[in-house]
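S.K.:
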Amino acid sequence: MITRGLSRPVFHFNDFDISQDEHHIVFTEPSYRFADRDCFYAMIEHRPDGRLLHYNMETGVLRVLVDNLYYPNGVEFDKTGKCVFFSEMGNLRILKSIFQYCFNYKFEKYTVIASNLPGYPDNIRKSKNGMLWVPLGQARLEDDSWITERPFLRDIVAMSFKIFT
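Spelled out as structure tokens, the structure:
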């Protein structure tokens, strides 16, 4: 495998989808700092340390499609194979990246499709008619900004959680 544009090695993959022509795979890597079992800490820390990756099975090249994401946790090609939808659990939103096999980015790297979701999106799947199913792993707190705006409180909550688990 040839890695291009990777500023760091891959820590772990969370989800993937394969293109209809079976030549391309897209992956989500939620965090380079935390394993999947420690997603609570990644969510509490709220840092953009996730990314969306692409692997070309014909060339063996692995590339970064979108970097600096907040816990991306699910990815799905659209029915045409030209776009990739992915959930960003850490920011409670669904994003779309224009996927071009030639990687000629004339568009922004992603577009926000849905934001301010009522819960944390945990994966994403396409139905037979092309609609997206987005399960919510947990309901959102009415106002959770109190913890995201205060890093010292995040650390205290994370340490307390670690002690009692």
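In the UniProt record's numbering, the protein residues as written are 1 to 165. The C-beta atom is built at its ideal place from N, Cα and C for all residues, glycine as well.
Rounded to whole angstroms, what's the CA-CA distance from L141 to V61? Just pull it up for me.
M.R.: Straight-line Cα distance between these residues: approximately 41 Å.
S.K.: Taking the C-alpha atoms as reference points, what is the distance between N123 and F152?
M.R.: Going by the C-alpha atoms only, they are around 29 Å apart.
S.K.: Identify, in the order they occur along the chain, each residue of the same chain with its Cβ nearer than 6 Å to the Cβ of I18, setting aside the five sequence neighbours on each side.
M.R.: So the qualifying residues of the chain are I25.
S.K.: Report the three-state DSSP secondary structure of L153 (helix, strand or coil).
M.R.: L153: helix per DSSP, three-state reduction.
S.K.: Tell me, which residues are paired with P72 by DSSP?
M.R.: Paired residues: E88.
S.K.: My understanding is that K109 touches V66, with C-beta atoms under 8 Å, so please give their C-beta distance in whole angstroms.
M.R.: With a Cβ gap of about 5 Å, K109 and V66 count as contacting.
S.K.: Could you check if H54 is buried or exposed, using at least 16 other CB atoms within 10 Å of its CB as the buried criterion?
M.R.: Buried, by the Cβ-count rule.
S.K.: Considering just the uninterrupted stretch of the beta strand (DSSP E) at T111, what are its terminal residues?
M.R.: Where T111 is concerned, the enclosing beta strand (DSSP E) stretches over 111-114.
S.K.: Expressed to the nearest angstrom, what Euclidean distance is found between the alpha-carbon atoms of R33 and D49?
M.R.: So the two alpha carbons sit approximately 7 Å from each other.
S.K.: Would you list the residues sitting across from I25 in a DSSP beta bridge?
M.R.: The partner list for I25 (beta bridge, DSSP) reads I18, Y55.
S.K.: What's the C-alpha gap between residue 200 and R51?
M.R.: Because the chain spans 1 through 165 in this model, residue 200 falls outside it and cannot be assessed.
S.K.: Does the Cβ of E22 have 16 or more other Cβ atoms within 10 Å, making it buried, or fewer, making it exposed?
M.R.: E22 is exposed by the Cβ-count criterion.
S.K.: Restricting to Cα atoms, I'd like to know which of L132, P118, F86, L92 is closest to F16.
M.R.: Among L132, P118, F86, L92, the Cα nearest to that of F16 is on F86.
S.K.: Going along the chain, which residues of its own chain have a beta-carbon closer than 6 Å to the beta-carbon of P118, five neighbours each way excluded?
M.R.: Only R140 meet the Cβ criterion.
S.K.: Can you give me the C-alpha to C-alpha distance between K128 and S160, rounded to a whole angstrom?
M.R.: Whole-angstrom Cα-Cα distance: 44 Å.
S.K.: Would the C-beta of D17 count as close to the ligand HEM, meaning under 6 Å from any of its heavy atoms?
M.R.: Absence of the ligand HEM is noted for the structure shown, with no ligands found whatsoever.
S.K.: Cα separation between K126 and R150?
M.R.: Their backbone Cα atoms lie some 37 Å apart in a straight line.
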